[in-house]
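Participant: Here it is, the structure, as structure tokens.
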Amino acid sequence: MNKIAILIAFVIFSCALISTTLILRPFGEPESTDMDDYIIKNAQNETGANNAVTSVVFDYRGFDTLGEATVLFTAVAGVLAVLRRYAHE
Amino acid sequence: MNMSYVLLHAPALLIAIPLFAAFLTPIIDRFSKRVRNIFVLAVLIIEEILMIIFAWDVFTNGIHVYTMGAPNPTSTVPLQSAVPVRIVLEVDGMSAFMGLISTTVSLAAGFYSIAFVRKETGQGKFYTLLLLMLVGMLGMEFTGDMFNLFVFFEILSIASAALVAYRSYYGDAVEGAFKYLIISSIAGSIVLFAIAILYGQYGVLNIAALAKAMKSTTLDMIALVLLISAFAMKCGSVPMHFWIPDSYTVAPASITAMLVVASQASLYALFRICFSLYGNTSYVATSGAILILFGLLSMFIGVTMAIPQKDIKRLMSYHAISQTGYMLLGVGAGLYLLGNPDFSTHGMAAMEGGIFHIFNHALYKGLLFLTAGAIFYKTKTRNLNEIRGLAHSMKFTTIFFLIGAFSIAGLPPFNGFASKLLIYESVYHVNPILSIIAMLVSILTLASFMKVFHSAFMGPPMKDVERGDVPKSMLFGMMVLTAGIILFSIIPGWVVGHIVHPAAQSLANQSAYIRAVMGD
Amino acid sequence: MIYNIPYMASAILVIVGLYAVLFKRNLIKIAIGITVLESGVNLFLITLGYRENAVAPIYTNLPEGTSIPEGMTLPVPQALTLTSIVIGVAVLALILSFAVKIYQHYGTLDSREVRRLRE
Amino acid sequence: MNEPSKIVKTIASIIFPFITVYGLYIIVHGHLTPGGGFQGGAITASGIVLLLVAFGSAEIAKKIKESHLSILESIGALSFISLALLGLSATFFYNFLAGSNFIFGRIPPFGSNPGDMNTGGVLPLMNISVGLKVIAGLSAMVLALALFARLKRGRKGVRKK
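Chains as they are written, first to last, in the working numbering: chain Y, 12 to 100; chain E, 58 to 577; chain B, 3 to 121; chain V, 14 to 174.
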């Protein structure tokens, strides 16, 4: 019973994904690119970096990168905490 | 350091301070354990104070925006651009309200942990992860950017999963954490897929900019369904609730109290998406109806599964599912009525009830989990058949448990009653059956907790339990939450008027949310 | 139809990954499923940033005659993908450490034999 | 499990410096060419993992301690967030070095150029701190898993609850 419910949910989810890919805009022709065009044009004079991707990673969306570094930090702390030695060992 | 400077930078500081402290904790831990404990508590207290000041400012002066990395925090949209380019933090009444809940419960959990995990190894990691959970919650609540929401969602999930597995010498702790992490990462991937669909259509990631550009296409509908299912999965609503008892039961008690708030952060994200992102589309009534349905199922199934439980924390976990149902019901009814002429009367009251219930639930369910942890600390068991007569030795814990139990059952004059009454009265106008089910669930909750009280605290005292209550730091942690409950029980009218109403108002007012970022 | 093949590839990866997570019994296979699922989502993100006949948005030794900005791919999806890859690594590490710990406790990786993971 | 052969050990110790230098190059040139702190850090950490595989975890654990790596990671993360906090004169994450003519403060000419190390403001500094963090973090994670697997191999009794 439980298994059938999971299977139905899985099939519905798959159909949603496939239909998404069919009706999404054509590959390689983005429609509204205001944010990205602004970054490409202004990355050099605002941040001084030649690499626009790095300027996005550390400047325009630097807060995301801080979060990302935190995720890695969290995972390391978690792994070390889970695999630690116990007092009674 | 004058006050206006702090208030201007408060959204970033509130996230940056615990993050900085979390990075610093492993280093301090090497030198002195005592200094580390004091440091962590000091950070939590500073957070609480700063959050209260900041929340008061938000409730009186309206939305705060903070643009990361811009020359000026309020310049959300650059001059040559039509859309926001940088990450914008946007704190409105609802965000500040959730921030208050998170900091309060973290403070209580921090105090409680000092004694509770004293005998464990690896405490440095424990406190680091606890601070990171706070960071994750505050980040989810303050951000105005979809992708940023996802990043903090993952920080919160990973930190919580690691803490659920903290007592990894118990096999089932690791199992519960495994399940939690699998569910979280599936939910995270689905959220990211939905964000990608939205980005592919509109080319922006800011919630306000997306809401302004929203065209109600089929893709938007698919994205909404994906987002609702992912966040409902993560907040423990019924179709995907099975992970809640497993992970709540095995986590250390202070972490279980934090997990309650962590799932409320997902609940907040769910509301934010339904109201602020999809508020002007034609899906509002449908998604409101879906939330009401989830709420009803959660309420009923949660409480019926709670009654036969023998494990005290497992029982409380099922009650947590059931109480989540009240919040979904209240806010869902508000969403269902949004835009109707009825909204200003019943819809608003329903939302206030649901939102007030979020705070109440965090307080009393946090308190109940902490008392369950105190019982476990004393007796080393969670089985209700083995526990009895604790009222003889643990006087304060008994009082705290009774306050929490009366509050969760919605007995007057406790705060649980105030929020439930708002929900009963207002959802009655959507459909009378909803109110009747809600009241029935409330009665069953009371019965269930009276059973727990009778079997755990009454009767002859247990033999092999030393006398005396739990250590002071644990009592103080419980006291923080009890003080909150008592405060809210004495002046519910003032709380609803000055804290809950601004939160509900700001959640319902989508145009103000958009205007704060995009200008007029 | 043909223009959407990259999207479809990513959707199929997501579906395969989800299938492995939902219907496989071995904990390591579940971890593999999560990784495949995340790869699918990452691929979907990065395909959204592609512009036809465009180069990477890096000005160091940019080819002559590249039109700015139309000749460059979108930088934001690349940054998002980087972030989500690192998150995937973090999740995978934690899942594997849980799996190791479960193996230590029960001597098996089959989720049917582990009490709480049965469903 | 057998010890890896001498060939593996020799090749690993020859290749290791090259991997490290390549990883560090990717880190410090992050603002000019494809790459950055995360990518370069992962490459450098993979060199350490290579040593781990070739020489065995016990051998490596004598030289590098998990707790030291954990401290190093904290230092990387702290310097990253401190760089972000230093921008608080304007906003959190404000790039206060760009255009200041101080270290890394130059602005490159618009359009195609050969690339100048001395540009990018705080970006190269952030790349370096994130690189440090990723090297330490990934090595600590792999080392912890390897050591744990080694520790438990000899033990017969599986502890049940």
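Ideal Cβ placement from N, Cα and C applies to all residues, glycine included.
Computed from a predicted model, the values in this text were never measured in an experiment.
1) Helix, strand or coil: which one does DSSP assign to Y305(E)?
2) Three Cβ pairs or more, each shorter than 8 Å: is that satisfied between the stretch 315 to 326 of chain E and the stretch 410 to 424 of chain E?
3) Tell me the rounded alpha-carbon separation between P518(E) and H511(E).
4) For chain Y, is any of its Cβ atoms less than 8 Å away from the one on F123(V)?
5) Using a cut-off of 7 Å between C-beta atoms, extract the partners of L45(V) located in chain B.
6) Just reading off the alpha helix (DSSP H) that T82(E) is part of, what are its end residues?
7) Please list, in chain order, all residues of the same chain as K236(E) whose beta carbon is under 7 Å from its beta carbon, the five residues on each side excluded.
8) Just to confirm before moving on: does the CB-CB distance between G389(E) and G345(E) stay below 8 Å?
9) Relative to the C-alpha of D521(E), which candidate in D114(E), M271(E), T436(E), M190(E) has its C-alpha closest?
10) Is Y223(E) near F183(E), with beta carbons less than 8 Å apart?
11) Can you tell me the Cα-Cα spacing of V2(B) and A22(B), whole angstroms?
12) Chain E beta carbons: is any one of them nearer than 8 Å to that of L85(V)?
13) Based on Cα-Cα distance, which residue from G193(E), R91(E), M297(E), T274(E) lies nearest to A20(Y)?
14) Sort G35(B), V16(B), V102(B) by Cα distance to L44(B) and report the nearest one.
15) Determine, using beta carbons only, whether F288(E) comes closer than 8 Å to chain V.
16) Let me make sure I understand the geometry here. Which of V91(B), Y5(B), T37(B) has the alpha-carbon closest to that of I34(Y)?
17) Going by DSSP in three states, H121(E) sits in which element: helix, strand or coil?
18) Taking only the alpha-carbon atoms, compute the straight-line gap between V248(E) and E523(E) and give it to the nearest angstrom.
19) Under a CB-based cut-off of 8 Å, is V88(B) close to chain V?
20) Enumerate in chain order the residues of its own chain whose CB-to-CB distance from L125(B) is below 6 Å, with the five nearest sequence positions on each side excluded.
21) By the 10 Å Cβ neighbour count, where 16 or more other Cβ atoms means buried, how is H418(E) classified, buried or exposed?
22) At 4 residues or longer, and completely inside the stretch 59 to 126 of chain V: list those alpha helix (DSSP H) runs for me, N to C.
23) Flag this pair as touching only if the stretch 142 to 162 of chain E and the stretch 81 to 93 of chain Y have three or more C-beta atom pairs under 8 Å; answer yes or no.
24) What would DSSP say about T275(E), mapped onto helix, strand or coil?
25) Pull out every residue of the stretch 47 to 59 of chain B whose Cβ sits closer than 9 Å to any Cβ of chain Y, in chain order.
26) By the three-class DSSP mapping on this structure, what secondary structure does V57(B) have?
27) Which same chain residues end up closer than 7 Å to A60(Y) when comparing Cβ atoms and leaving out the 5 residues on each side of it in sequence?
28) Mind listing the chain V neighbours of S41(B)? Cutoff is C-beta to C-beta under 8 Å, in chain order.
29) Nearest to S80(V) by CA position, among V140(E), S152(E), V142(E), D86(E), is which residue?
30) Between K146(V) and chain Y, is the shortest Cβ-Cβ distance under 8 Å, so that the two count as touching?
31) Which parts of the stretch 130 to 163 of chain E are runs of the beta strand (DSSP E), unbroken and 3 residues or longer, counting only runs that do not cross its ends?
32) Taking Cβ to Cβ, would you say N62(Y) is nearer than 8 Å to L45(V)?
33) Would you check whether the ligand ZN has a heavy atom nearer than 7 Å to the C-beta of R53(B)?
34) Is the CB of I17(Y) under 8 Å away from at least one CB in chain E?
35) Taking three-plus beta-carbon pairs below 8 Å as touching, is the stretch 347 to 361 of chain E in contact with the stretch 379 to 394 of chain E?
36) For a contact defined as C-beta to C-beta under 8 Å, what are the partners of T85(Y) on chain B?
Facilitator: So, from the listed chains and residues:
1) helix
2) yes
3) 13 Å
4) Yes, F123(V) counts as interfacial toward chain Y.
5) What L45(V) touches in chain B: T62.
6) 60 to 88
7) W300, D303, S304
8) yes
9) It is T436(E).
10) yes
11) Absent from the model: residue 2(B). The displayed extent of chain B is 3 to 121, so no value can be given.
12) The beta carbon of L85(V) does not come within 8 Å of any beta carbon belonging to chain E, so the residue lies off that interface.
13) M297(E)
14) According to the sequence displayed, residue 44(B) carries Asn and not Leu. Comparing Cα positions, the closest option is V16(B).
15) no
16) Y5(B)
17) Under the three-state reduction of DSSP output, H121(E) falls in the strand class.
18) Approximately 49 Å between the Cα atoms of the pair.
19) Judged by the 8 Å Cβ criterion, V88(B) is in contact with chain V.
20) With chain B covering 3 to 121 only, the question about residue 125(B) has no answer from this structure.
21) buried
22) 70 to 76, 79 to 99
23) Because the criterion of three Cβ pairs below 8 Å is not met, the stretch 142 to 162 of chain E and the stretch 81 to 93 of chain Y do not touch.
24) Look at T275(E) here: in three-state DSSP terms it is helix.
25) T49, L50, G51, Y52, R53, E54, N55, A56, A58, P59
26) Under the three-state reduction of DSSP, V57(B) is assigned to strand.
27) If we look at A60(Y) and ignore the five residues flanking it on each side, its Cβ neighbours are A54, S66.
28) Ordered by position in chain V, no residue passes the 8 Å Cβ test against S41(B), which lies about 16 Å from the chain.
29) Considering only V140(E), S152(E), V142(E), D86(E), the residue with the shortest C-alpha distance to S80(V) is D86(E).
30) yes
31) 145 to 148
32) yes
33) Because no ligand of any kind appears in the structure shown, any question about the ligand ZN cannot be addressed here.
34) no
35) By the Cβ rule, the stretch 347 to 361 of chain E counts as touching the stretch 379 to 394 of chain E, because three or more pairs are nearer than 8 Å.
36) Here the neighbours are A92.
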